[in-house]
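The next block holds one structure in the form of structure tokens; read it before the comments.
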Amino acid sequence: MMRPASDLDGFRLWPGLLDRAAQEALRDEVFARMRAGPLYIPRMPKSGQPMRVRMTNFGALGWVTDKERGYRYQDAHPETQMPWPAMPPLVLDLWRELSGYGAAPEACLVNLYEGDARMGLHVDSDEAAWDAPVLSISLGDTAIFRIGGALRSDPTRSVRLASGDVCMLAGASRRAYHGVDRILQGTSRLLPKGGRLNLTVRRVTVPPPPAA
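Counting in the working numbering, the sequence shown runs from 273 upward without gaps.
Written out as structure tokens, the structure is:
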């Protein structure tokens with residue numbers, strides 16, 4: 273396994289970790305699972321405003337948000353009421369190889385960025401297992417990813433995430449504000465209609481203690 277290109281306060285980036293064949297295989301797995309767990313438009317708590325990305329989830333749990341109940345994890349698709357599709361095997365393999373965490377992931381959030389979609393600065397804070405890293409897999413057009421510190425006012429830096437790149441927020445960076453400023457349209461031909469798929473892999477619940 274290749275070494276990460278950077279390791280700043282727990283933020284690690286593996287540029288081009290997935291070759292073209294692996295990207296195409298994962299893309300096809302994602303599209304196939306979307307037939308059972310289709311993309312939908314999430315809405316912000318309280319305001320009910322639609323988010324700029326469409327999303328779905330794979331795994332035992334999925335991250336959702338709506339006007340009435342806000343941010344949370346649940347075990348079923350909010351529109352179909354069916355269990356989320358299983359995670360692709362490659363996603364589980366990457367978690368095992370890169371995360372260094374002793375328990376399996378439970379959620380793989382899939383965001384589709386199209387057009388001028390972006391994601392404001394935020395912290396992934398709805399998980400009980402704060403010691404687990406967050407793994408991010410990029411497919412499609414390049415994203416300008418921004419990461420800062422534990423405070424929204426902390427200085428930030430920008431990182432380009434291209435198709436096939438994998439990054440991880442661990443250690444101090446696990447609690448860092450981060451977001452996506454924009455998508456560089458036309459930088460990849462992986463997705464038939466363009467855009468970017470981001471797979472964010474997380475452990476949600478605290479693993480049980482090992483048996484005595």
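Cβ atoms here follow ideal geometry from the backbone N, Cα and C, with glycine treated the same way. Just so it is clear, the structure is predicted and the values come from calculations on it, not from any experiment.
### Query
Secondary structure at Arg424, three-state DSSP: helix, strand or coil?
coil
#### Entry: Anticipated Cβ contact below 8 Å, Ser435 with Gln295, distance rounded
6 Å
### Query
Is it buried or exposed for His450, if we count other Cβ within 10 angstroms and need 16 for buried?
With at least 16 other beta carbons inside 10 angstroms of its own, His450 counts as buried.
### Cβ neighbours of Ala442 in the same chain (closer than 6 Å, five flanking residues each side left out)
Non-local C-beta neighbours of Ala442 in its own chain, meaning closer than 6 Å and more than five positions away in sequence, comprise Gly282 and Pro405, ordered along the chain.
### Nearest-angstrom Cα separation, counted from Ala484 out to Ala415
Taking the CA atoms as reference points, Ala415 sits about 46 Å from Ala484.
### Query
I think Phe330 touches Cys380, with their Cβ atoms under 8 Å apart; what is that distance to the nearest whole Å?
4 Å
### Task
Run the CB neighbour count on Ala448, radius 10 Å, all protein chains shown included, and call it buried at 16 or more, exposed below.
Here Ala448 is buried: its Cβ has 16 or more other Cβ atoms, across all protein chains shown, within 10 Å.
#### Entry: For Ala422, the nearest candidate out of Ser445, Asp413 and Met440 (CA to CA)
Ser445
### Query
How is Met359 classed by DSSP in three states: helix, strand or coil?
coil
### Residue environment, His394, which counts as buried when at least 16 other CB atoms sit within 10 Å
By the Cβ neighbour-count rule, His394 is exposed, with fewer than 16 other Cβ atoms within 10 Å of its own.
### Boundaries of the beta strand (DSSP E) in which Asp453 is found, first to last residue
His450 to Leu456
### Task
To the nearest angstrom, report how far apart Pro481 and Gly374 are at their CA atoms.
The straight-line gap from Cα to Cα measures roughly 11 Å.
### Query
To which residues of the same chain is Gly309 closer than 6 Å at the C-beta, ignoring the five residues directly before and after it?
Thr328, His349, Trp356 and Pro357
### Query
At which residue ranges does the region 337 to 405 contain complete beta strand (DSSP E) runs of 3 or more residues, listed in the order of the chain?
344 to 346, 379 to 385 and 391 to 394
### Inter-stretch contact (C-beta, 8 Å, three-pair minimum) for the region 304 to 322 and the region 363 to 370
no
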